[in-house]
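Single-structure report; data block below.
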Amino acid sequence: MESATIKIGKRGTLVIPSQIRQSYGLEDGDLISVEGRQEGILLRPVVTLPVEKYSPEDKARFLLANTVTEEDHAWAVAEVRRMGLDPEAFADRPSPTGP
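Residue numbers (the numbering used here): 2 to 100.
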């Protein structure tokens, strides 16, 4: 493990030495978690995942494709209608009770 002594700058900024940044794959703009521990301060890279946005049609397909019972299916159909969509347009999967 690498270590270095660094100085706290204005407004509490820390400059992580380039060799350590490279070792951990840190780049400008990356997020770091700062955690106060009994033994000191722990800095850890934060993993961020892109947020996937779903269209109303994607949501309708998901709702209708994941029903198990007739009650689930009826609820999903009502939800899709509440979204202003026609459940029949997503009829690529039969209802749980059959056609």
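Don't be surprised by glycine CBs; every beta carbon is placed ideally from N, CA and C. Being a predicted model, the structure only gives us computed values, none of them experimental.
Remark: three or more beta-carbon pairs, one from each stretch, lie closer than 8 Å, so the segment 80–93 and the segment 58–67 are flagged as touching. Distance check between Leu50 and each of Pro18, Gln20 and Asp31 places Asp31 closest, using alpha-carbon atoms only. By the 16-neighbour rule on beta-carbons within 10 angstroms, Ala77 is buried.
The Cβ atoms of Glu53 and Leu64 lie no closer than 8 Å to each other.
Within the same chain, Cβ atoms closer than 8 Å to the Cβ of Ile7 are found at Leu15, Val16, Ile17 and Pro18, the five residues on either side in sequence being excluded.
When DSSP reads this structure, Leu43 sits in a beta bridge with Glu36. In the three-state DSSP reduction, Leu27 falls in the coil class, being neither helix nor strand. Ranked by Cα distance from Ala5, the options Arg22, Arg12, Lys11 and Gly13 are led by Arg22.
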